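What follows is a short report on a single structure.
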Amino acid sequence: MTLSLHNTLTRRVEPFQPLVPPRVTLYTCGPTVWNYAHIGNFRTFLFEDLLRRHLEFSGYEVFHIMNLTDVDDRTIKAAAAAGKRLAEHTAPFVEAFFEDSEYLRIRPAHVYPRATESVPAMVALVERLLERGVAYKGEDGSVYFAIGKFPGYGRLSNLDRRELKVGARVASDEYKKDDPRDFALWKKAEPIDEQVGAAWDAPFGRGRPGWHLECSAMSLDEVRRRFAVETLDIHAGGVDLIFPHHEDEIAQSEAATGCPFARYWLHGEFLNVRGTKMSKRFGNFLTARDLRDQGVNAAAVRPLVWQTHYRQPLDLNDEALEGARQGVKRLGELHERLRERGRSDSAGPAGTEVLAGLSRDVARDVAAALDDDLNAPQAVATVFDFVRAANRELDRAAGGAATALATFERIMGVLDVLPTPRALTPEFRRWIEEQLAARERARKTKDFEEADRIRVELRARDVELEDTPSGTKWRVL
RNA sequence: GGCGCCGUAGCCAAGUGGUAAGGCAGAGGUCUGCAAAACCUCGAUUCGUCGGUUCGAUUCCGACCGGCGCCUCCA
């Protein structure tokens, strides 16, 4: 089976065929670092993480580019409001983004171009567009893209024949453009821009880049320099970017290069809270650090995201998060069992390696599910089928644990949802051992009241006990 | 007004023109000193409503009801 992906351009699931296999250039729209990203933002980044990992698992050589939007309307406003220079304001949020990404186990992109460090590429792109006559300088001194000169405009969003809703957010500045739908490539520097240090000189006037321009310039610059092409294999982001952001990116990129900008457009749906999209605007947001501070393990967030298809809205609530957490615990238990058994598991006679066979099946099924437009919910279901079957076989002392362990870990390398053991201080560890020893003595003398008291005390400190024939095991929740 | 998405058990949710995955929660059981973990068994005669197409629809078409998103800088 081969990978198929839903392409927003065609609104169909299509076989995936990169321009120059096995290389895949992947560009994902990164955060705007005006504030902390919330977990709705991170849902998209997690979906992209899964995409990246599955591509690599499938043998592709992925070059992943994620930009950092560190200059735009919001960053400038936020910096001005804080009385800071732009870079001064965004720096901590850039740092926070990387911290949060790590917490959520998102694999780092290969490069993170920043808008403020890519101005020359943007200026060059604007000049190219001016030369081609598809961009013009407006009366207000800004440079606009003339969508009328780009016949394919609207293909991605299917909004070409749209009529703007009367009184919608079209408002204030369209009179400076030839066509109200034209968008700004380069915005003339305003006092507030100068105030925060967000203005650059350019042949067509001092100003700052428009948001859409940033992504086109940065992505094309990277693939041109590295691979001598001006086409991305995959461009991904949230559904809210389809229009106007990605539509405009296509227009300005293709008008400049004459090449298809991206072969596949992937868009992830929203993370909702009680049916409404999570958004700073609505105040219904939760950041990754909020979760972390609440003691929520990243290993619960990831499966929560996996259990909903990326093109479906995901509804978040405490019960759902707790459910994911419990499920992950079970995966962790199985992992532990496989490790224990794997250690003592000498290869049995051919045909008795039941666990190895089961793991082969689940690896195949997970790959097949993800090949089908990243059907992570299906993949997760398959994994849990394996969990039950594997536990059953482990109860029966079936062979093949070592192989199953290796395969299981390979699958977890894609989903990455195993809980991490909490780091313990030597003192705490010693205390636990002492309590266990005391409990063992009590049990030997049938003093179960004392034994249970100790168990409760340990549990109060998140230490869970499990009495097995081979002794008492413990784990920290 | 335009474009688009969604409505499947208490919660999160897959899926298919042929009679409903998986997880969590819940109930019973095996095991256990008791637990825990694990395993076994149990849950929608039904997939928002009403029509249509079909031998057959949750799945296709239409209408309606309900929820949501985008329509110039929101992942």
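Residues in the first sequence are numbered from 373 upward in steps of one, following my numbering.
Positions of the beta carbon are idealized from the N, C-alpha and C atoms, including for glycine.
All of these numbers come straight from a predicted model, not from anything done at the bench.
Do the region 438-455 and the region 479-498 make contact, defined as three or more Cβ pairs closer than 8 Å? Remark: three or more beta-carbon pairs, one from each stretch, lie closer than 8 Å, so the region 438-455 and the region 479-498 are flagged as touching.
Going by CA-CA distance only, name the one from 417, 392 and 376 that's closest to residue 610. Among 417, 392 and 376, the Cα nearest to that of residue 610 is on 417.
Three-state secondary structure assigned by DSSP to residue 545: Since pLDDT at residue 545 reaches only 45, below the 50 mark, its modelled position is unreliable, and no value is offered.
Count the other CB atoms within 10 Å of the CB of residue 828; is the residue buried (16 or more) or exposed (fewer)? In the assembly as shown, residue 828 is an exposed residue. Its beta-carbon has fewer than 16 other beta-carbons within 10 Å.
Start and end residues, beta strand (DSSP E) containing residue 396: Run containing residue 396: 395-400, per the beta strand (DSSP E) assignment.
Candidates 725, 683 and 715: closest to residue 384 by CA position: The closest CA to that of residue 384, considering only 725, 683 and 715, is found on 683.
Under the rule that 16 or more other beta-carbon atoms within 10 Å means buried, what is residue 538, buried or exposed? Because the pLDDT at residue 538 is just 41, under 50, the model does not fix this residue reliably, and the value given afterwards should be weighed accordingly. Label assigned to residue 538: exposed.
Kindly identify the DSSP beta-bridge partner or partners of residue 507. According to DSSP, residue 507 bridges with 517.
Span of the alpha helix (DSSP H) holding residue 701? Taken as a continuous stretch (DSSP letters only), the alpha helix (DSSP H) holding residue 701 covers 690-716.
Inspect the beta-carbon positions of residue 806 and residue 814 and report whether they are closer than 7 Å. The Cβ atoms of residue 806 and residue 814 lie no closer than 7 Å to each other.
Would you kindly report the start and end of the unbroken alpha helix (DSSP H) that includes residue 588? In the DSSP assignment, residue 588 falls within the unbroken alpha helix (DSSP H) covering 583-599.
Can you tell which of 559, 671 and 819 has the C-alpha that lies nearest to the C-alpha of residue 578? With distances taken between CA atoms, residue 578 lies nearest to 559 out of 559, 671 and 819.
Using a Cβ-Cβ cut-off of 6 Å (strictly less than) and excluding sequence neighbours within five positions of residue 647, which residues of its own chain qualify? For residue 647, where only same-chain residues beyond five positions count, there are no Cβ hits under 6 Å.
Decide yes or no for the touch test of the region 633-648 against the region 591-607: beta carbon pairs closer than 8 Å, at least 3 of them. At 8 Å Cβ cutoff, the stretches touch.
Suppose only complete runs of 4+ residues qualify. What are the alpha helix (DSSP H) ranges in the region 784-845, listed by chain order? For the region 784-845, whole alpha helix (DSSP H) runs of length 4 or above, ordered along the chain, are 798-816 and 820-832.
What did DSSP end up calling residue 630 once you bin it into helix, strand or coil? Annotated three-state conformation of residue 630 is coil, per DSSP.
Pair every Cβ in the region 509-520 with every Cβ in the region 551-558, then say whether three or more of these pairs are closer than 8 Å. Because the criterion of three Cβ pairs below 8 Å is met, the region 509-520 and the region 551-558 touch.
Exposed or buried, which one is residue 769 when buried takes at least 16 other CB atoms within 10 Å? The residue is exposed, with fewer than 16 neighbouring Cβ atoms inside 10 Å.
Beta strand (DSSP E) runs contained entirely in the region 550-587, provided each spans 3 or more residues: Runs of the beta strand (DSSP E) inside the region 550-587: 555-560 and 579-581.
Bounding residues of the alpha helix (DSSP H) (the contiguous stretch that carries residue 673): Start and end: 670-678.
So who's on the other strand from residue 376, going by DSSP bridges? The partner list for residue 376 (beta bridge, DSSP) reads 387 and 744.
Residues near residue 670 by beta carbon distance below 6 Å, same chain, minus five either side: Correct list, in chain order: 475, 476 and 477.
Using only the alpha-carbon positions, how far apart do residue 587 and residue 472 sit? Looking at the two C-alpha atoms, the distance is approximately 22 Å.
According to DSSP, residue 638 sits in a beta bridge with which residue or residues? Paired residue(s): 608.
Which runs of the beta strand (DSSP E) at least 3 residues long sit entirely within the region 395-470? Give them in chain order. The region 395-470 contains these whole beta strand (DSSP E) runs: 395-400 and 433-438.
Measure from the alpha carbon of residue 518 to the alpha carbon of each residue in 468, 530, 505 and 527, then state which is nearest. For the options 468, 530, 505 and 527, the alpha carbon positioned closest to that of residue 518 is the one of 505.
Same chain, Cβ closer than 7 Å to residue 479, five either side skipped, listed in chain order: Take residue 479, set aside five residues on each side of it, and the residues of its chain with a beta-carbon closer than 7 Å to its own are 421, 424 and 425, in chain order.
Can you round the beta-carbon distance between residue 493 and residue 590 to whole angstroms, since I take them to be within the 8 Å contact cut? The C-beta separation of residue 493 from residue 590 comes to about 7 Å, placing the pair in contact by the 8 Å criterion.
If you run the structure through DSSP and keep just helix, strand and coil, what is residue 659? Strand.
Express the C-alpha separation of residue 738 and residue 430 in angstroms, rounding to a whole number. In a straight line, the C-alpha of residue 430 is about 12 Å away from that of residue 738.
Counting beta carbon pairs with one atom in the region 758-776 and one in the region 642-656, are three or more of them shorter than 8 Å? Between the region 642-656 and the region 758-776, the count of Cβ pairs shorter than 8 Å is below three; the stretches do not touch.
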